[in-house]
Amino acid sequence: MVTEVSIDGLQTIYPFESHYLDLNGLRYHYLDEGQGEVLLMLHGNPTWSFYYRNLIRAFRSQYRCVVPDHMGCGLSDKPQDYNYTLNQHIDNVEQLVEHLQLDNITLVLHDWGGAIGMGLAVRHPDKIKRLVVFNTAAFLADSIPFSINLCRKPFIGEVAILQWNLFARMGLVWATKQRHRLTADVRKGYLAPYNSPENRIANLRFVQDIPMDPSVPSYSVVEHIESRLGFFRDRPVLVVWGMKDFCFNEDFLDRWKTYFPDAEIHEVEEAGHYIVEDAYEDIIPWMLNFFKRNEV
Numbered sequence: 001m002v003t004e005v006s007i008d009g010l011q012t013i014y015p016f017e018s019h020y021l022d023l024n025g026l027r028y029h030y031l032d033e034g035q036g037e038v039l040l041m042l043h044g045n046p047t048w049s050f051y052y053r054n055l056i057r058a059f060r061s062q063y064r065c066v067v068p069d070h071m072g073c074g075l076s077d078k079p080q081d082y083n084y085t086l087n088q089h090i091d092n093v094e095q096l097v098e099h100l101q102l103d104n105i106t107l108v109l110h111d112w113g114g115a116i117g118m119g120l121a122v123r124h125p126d127k128i129k130r131l132v133v134f135n136t137a138a139f140l141a142d143s144i145p146f147s148i149n150l151c152r153k154p155f156i157g158e159v160a161i162l163q164w165n166l167f168a169r170m171g172l173v174w175a176t177k178q179r180h181r182l183t184a185d186v187r188k189g190y191l192a193p194y195n196s197p198e199n200r201i202a203n204l205r206f207v208q209d210i211p212m213d214p215s216v217p218s219y220s221v222v223e224h225i226e227s228r229l230g231f232f233r234d235r236p237v238l239v240v241w242g243m244k245d246f247c248f249n250e251d252f253l254d255r256w257k258t259y260f261p262d263a264e265i266h267e268v269e270e271a272g273h274y275i276v277e278d279a280y281e282d283i284i285p286w287m288l289n290f291f292k293r294n295e296v
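Numbering follows UniProt numbering, in which position 179 of the sequence shown is assigned residue number 179; successive positions increment by one, without gaps.
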């Protein structure tokens with residue numbers, strides 16, 4: 001049974017107003033904070049809009065921060081029989097962009113947000129102004145960590161992710177290097193949406209949709225996105241990378257450098273996969289300077 005998600009007590013660190021878009025009877029949660037140029041921030045698995053909380057608070061005085069929770073994640077609905085595939089997540093973001101009439105967008109991408117955001121970009125290249133890339137991919141890769149690949153296996157994934165919540169819990173262990181940041185409230189914030197086996201269904205489906213071979217639904221979608229990444233070389237690109245990422249390692253960073261040789265690159269040696277959690281104090285001025293240099 002899907003259980004209610006509570007973020008009571010988190011208002012101090014997540015002080016935002018919730019909005020919902022109706023998608024065929026399902027509630028798609030998003031934040032819409034501030035005014036000005038649009039920063040569309042897209043999270044991955046198993047995070048949610050909470051991941052971007054420090055960036056939103058820093059930028060909402062100058063920019064419009066639009067931050068959705070992918071269906072099944074965060075404060076969005078968590079249907080059990082939903083089509084949790086990359087293409088559907090792109091469709092959902094596309095509908096949000098159309099609903100809010102967003103244009104001149106700076107995409108801010110992390111983890112699955114890279115494929116979802118660039119999926120939107122290849123559909124609507126005229127809407128994209130800049131790219132900010134954090135430890136993510138929007139291209140095919142031939143390997144993933146053993147632990148994640150294990151969770152893709154029948155039965156093992158259901159037990160590890162749905163029953164034990166290992167994906168979200170181990171993310172707090174493996175994905176952050178600055179452990180002192182993980183206060184009780186921060187840990188609660190990351191885990192709150194995934195408080196029952198049913199509420200972890202999207203965590204499992206994301207893992208199952210990792211495009212490791214052509215039989216996976218996302219494979220052809222990512223292949224298509226990858227074939228068009230070069231179309232965005234004329235856009236300003238900022239890449240900030242946690243160099244101690246157990247999943248999106250330096251090989252992925254090198255791929256981004258190949259696609260965007262003129263990108264501004266910041267390699268953060270003491271940061272992991274949750275790069276925004278580990279290094280937001282550095283990231284905020286880097287992003288502000290990047291925006292100011294590329295205003296036209």
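Virtual Cβ for every residue (Gly too), placed ideally from N, Cα, C.
A direct Cα-Cα distance of roughly 9 Å separates I56 from L31. Out of I105, R64, L42 and V132, the CA that lies nearest to the CA of H89 is found in L42. If you check the CB distance, G34 and R60 come in under 7 Å. The Cβ atoms of I116 and V133 lie no closer than 7 Å to each other. Per the coordinates, the alpha-carbon of F252 lies some 31 Å from the alpha-carbon of P197. Around V122, the same chain offers I225 and R228 as residues with beta carbons nearer than 6 Å, after the five sequence neighbours per side are excluded. Residue F246 holds the alpha-carbon nearest to the alpha-carbon of S143 among K129, F246, H273 and A263. Taking the Cβ atoms as the reference, N45 lies roughly 6 Å from N203, within the contact range of under 8 Å. According to DSSP, H180 shares a beta bridge with no other residue.
Each of R152, A58, T106 and R179 was checked against the Cα of L166, and the nearest Cα belongs to R152.
Looking at the DSSP output, C65 sits in a beta bridge with E33 and L39. For W256, no pairing in a beta bridge is given by DSSP. Between the alpha carbons of L107 and I128 lies a distance of about 7 Å.
Just so you know, the alpha carbons of Y190 and G171 end up roughly 9 Å apart. For V268 and D254, the gap between their C-alpha atoms comes out near 14 Å. When DSSP states are grouped into helix, strand and coil, W241 belongs to the strand group. For Y219, the enclosing alpha helix (DSSP H) has its first and last residue at P217 to S227. Scanning its chain for C-beta atoms nearer than 6 Å, with the 5 sequence neighbours on each side dropped, one finds around L102 the residues V38, in chain order. Boundaries of the beta strand (DSSP E) harbouring K129: I128 to T136, taken from the DSSP string.
DSSP places I7 outside any alpha helix (DSSP H), giving it a letter other than H or E. One thing to note: V237 has its Cβ no nearer than 7 Å to the Cβ of I265. Note: Y28 is bridge-paired with L21 in the DSSP secondary-structure output. Linking K177 to G242 through their CA atoms gives a straight-line distance of about 9 Å. Shortest Cα-Cα distance from R181 to any of L23, G272 and V97 involves G272. When DSSP reads this structure, I265 sits in a beta bridge with V239. The alpha-carbon separation between D209 and Q62 amounts to approximately 36 Å.
With contacts defined as CB atoms closer than 7 Å, A192 and I13 fail to qualify as a contacting pair. In this structure, P211 sits near L140, with a CB-CB distance shorter than 7 Å. A distance below 7 Å between beta-carbons, with the five flanking residues on each side excluded, links K188 to the following residues of its chain, in chain order: L10. Distances from the CA of E277 to each of N135, E250, R200 and I156 were compared; the closest alpha carbon is that of N135.
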